[in-house]
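Student: Heads up: the sequence shown begins at 1 in UniProt numbering, then just goes up one per residue.
Even for Gly, the Cβ is constructed at its ideal location relative to N, Cα and C.
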Amino acid sequence: MLVDSDSFLSPKRYLLSLEKSLNMLLSPIHNLIAALSTIPFSHASLTGLTPCDALISAGLSDRILTPLSPSYSTQLLTWYNTATRRHPWCIVLPHTSLEVSLVLTTLSAVGSGAGDWAIAVKSGGHGNDASNNVDSGVTIDLQYLDSVDYYEHNGSASIGPGARWGDVYKRLGEQGGAVTGGRDANVGVGGFLLGGGMSYYTGRTGFGCDNVINFEVVLASGDIINANATSNDDLWRALKGGSSNFGVVTRFDLEAFPARNLTYGQKTMSTEYEEEFVQAVFEFVERSEEHVNDALVPYYSYDAASEEIVMRAITVNTKAEPNTRAFDKVDIIPAIEPGLRTEMSLAEAAGGTLEGVVRGISFTLTFKNDLSILRRATELHHEYVIQMSELIGASNFTTLNFFQPLPSYFGAIEHRKVGNMLGLDHVNQNNILWVLGIGVLGGEDQQAIAHAKGANITAMVHDFAESVGGGNDLIYLNYADASQDPIGSYGLENIQLIRDAAAKYDPAGFFQQRIPGGFKISRVSSCAGTPCNH
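(1) For residue 97, which residues in the same chain have their Cβ closer than 8 Å to its Cβ, ignoring the five residues on either side in sequence?
(2) Report the CB separation of residue 258 from residue 281 in whole angstroms; it is logged as a contact under 8 Å.
(3) Between residue 437 and residue 399, how many whole angstroms is the CB-CB distance? I'm expecting something under 8 Å.
(4) Who are the near neighbours of residue 524 in its chain, counting only those whose CB is closer than 7 Å to its CB and skipping five residues on each side?
(5) Rounded to whole angstroms, what is the Cα-Cα separation between residue 123 and residue 191?
(6) Beta-carbon separation of residue 121 and residue 92 under 8 Å?
(7) In terms of residues, what are the limits of the alpha helix (DSSP H) holding residue 431?
(8) Since I believe residue 309 is in contact with residue 271 (beta carbons under 8 Å), could you give me their beta-carbon distance rounded to a whole number of angstroms?
(9) Kindly indicate which three-state DSSP category residue 333 falls into: helix, strand or coil?
(10) Tell me where the beta strand (DSSP E) around residue 90 begins and ends.
(11) Can you tell me whether residue 551 is buried or exposed? The criterion is at least 16 other CB atoms within 10 Å of its CB, across all chains shown.
(12) Between residue 364 and residue 450, is the Cβ-Cβ spacing less than 8 Å?
(13) Tell me which same chain residues have a C-beta within less than 6 Å of the C-beta of residue 517, skipping the five on either side of it?
(14) Could you name each continuous beta strand (DSSP E) segment of 3 residues or more that falls completely within the stretch 92 to 144, going from the start of the chain to the end?
(15) Apart from the five residues just before and just after residue 135, which ones in its own chain have a Cβ nearer than 8 Å to its Cβ?
(16) Distance check for residue 368 and residue 464, CA to CA, integer angstroms please.
(17) Note down the Cα distance separating residue 156 from residue 427, rounded to an integer number of angstroms.
(18) CA-CA distance, residue 141 and residue 248?
(19) What are the partner residues of residue 158, as DSSP defines its beta bridges?
(20) Taking the CB atoms as reference points, tell me whether residue 204 and residue 318 lie closer together than 8 Å.
(21) Is the beta carbon of residue 422 closer than 8 Å to that of residue 241?
(22) CA-CA distance, residue 417 and residue 48?
(23) Roughly how many angstroms lie between the CA atoms of residue 354 and residue 81, to the nearest whole one?
(24) Note the first and the last residue of the continuous beta strand (DSSP E) segment covering residue 303.
(25) Figure out for me which residue from 493, 194, 476, 262 has the closest Cα to the Cα of residue 345.
(26) Secondary structure at residue 198, three-state DSSP: helix, strand or coil?
(27) Can you give me the Cβ contacts of residue 313 inside the same chain, cut-off strictly under 6 Å, excluding the 5 residues immediately before and after it?
(28) Does DSSP classify residue 523 as helix, strand or coil?
(29) Measuring only the C-alpha atoms, how far is residue 432 from residue 278?
(30) Locate the alpha helix (DSSP H) running through residue 316, then write down its first and last residues.
(31) What does DSSP give as the partner residues of residue 362 in its beta bridges?
(32) Can you say whether residue 182 is buried or exposed, counting buried as having 16 or more other CB atoms within 10 angstroms of its CB?
So, in structure tokens, the structure goes:
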């Protein structure tokens, strides 16, 4: 259910009991992946498939995996969500920006025919279904563009899109630095930053994308350009939430800061204290500007092993202040599992993750921080669990009902840093970024049922929020289902900026037509962001 992007929570943190039984199963797989990663690529021979053969003829044979390659099936395991483990005709794994350029120009040259094939681009593999992999066509896997460098003299870091946040934090920490990045070790850098990027540091530094000072981008033409405040500044802004509409980002240069430990705690509570929990979430959001160094990650989860719903809260202070008062309302709720806070490094806080074992689904909404909406979303989550237990069996799914604090002052941070595409600089109320996450342990039929019921619950939450005057248009891209329209929720001005940048930097529409996965500006209505007159 997690998205490439933020992956709002590590599955290790809400499938705690399930993890114990799966670790033994997955351990041999992990060992196999590690072993195969050391095996050099063999030179692929011609396949009879036009785009793959074009790449081989262009001199990229040692960067190609086909279904006949020994490590092809193992490479598919690097996609977290089992629903996204599609079987492309070939996977190309470039090692440099120049090789990405060669890949794009080669595929552009053979992409004008009538053949029914497509291209996908993968960073860490946490994107939603169909966003980062294809069955018929070529997948560009950026995992080898994983450089991590810290520059203390100017407070910046350069990071490749294929790096994962756990490795980023470890390598930056060894160099003495840190950045505003993901909360889960296994999430990839690329999707996270291009979709926004919620972080433990967001209360102080903004979204991850707000901290990007330069993007190195390969365009469909093969040109390699930089987008920053002084060069291609329209593209620089558009990439901050605009996702995969313009080119392939091959390097992110970010604002960085000296590494320091933080305090991290995790607490599990019974739904017997549901009202106290909802009140604690509400009050934290209302007072969050007083506690910019504190992050609260509150959620309900249904566990397939125990067949119970519990409440959980992750509490983080990014200055390692053990006596912060920000979490007082959470602390007084009795715990099923102790919630002691421990000082640790950022890499340790991100933790490890269990490899994907579920078909993941997530829906998201934004609504006002309002007790009645929080209560209604909680009620509907409980109803969803009951309905799903009847439909597919209580042991065949997991859920997450997640209330992400989104206070109004985040918009001021965005404005101070020149702005991103999310449009929060115009929001004057405290909000909740809500996520319904679903993990299906069965097959496609069960996934279809879970998706249909999830869409229904999401619509009911939306309608209730609107009915009490608490609606908000924002659909956060990194948590969005493919049926939702995050880019269309960004507001008229930002939508137009993205549309103009896509037309300017990809005039042939290569990233709209040949790379159709993900959220595309070409599919956003011309009326989006403003009322339409029919």
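Tutor: Put simply:
(1) 145, 216, 218, 224, 250, 251
(2) About 32 Å; that fails the 8 Å criterion.
(3) 7 Å
(4) 485, 487, 488, 495
(5) 6 Å
(6) no
(7) Unbroken run through residue 431 is the beta strand (DSSP E), 431 to 440; no alpha helix (DSSP H).
(8) 6 Å
(9) coil
(10) 90 to 92
(11) No statement about residue 551 is possible, as the shown extent of the chain runs from 1 to 534 and does not include it.
(12) no
(13) 120, 130, 131
(14) 118 to 122, 137 to 141
(15) 86, 87, 88
(16) 11 Å
(17) 29 Å
(18) 11 Å
(19) 149, 253
(20) yes
(21) yes
(22) 50 Å
(23) Here the model assigns residue 354 a pLDDT of 46, short of 50, so the residue's position is not dependable, and the following value carries that caveat. So the alpha carbons of these two residues sit roughly 11 Å apart.
(24) 294 to 303
(25) 262
(26) coil
(27) 267, 298, 330
(28) helix
(29) 12 Å
(30) Premise fails: residue 316 lies in the beta strand (DSSP E), 308 to 317, not in any alpha helix (DSSP H).
(31) 437
(32) buried
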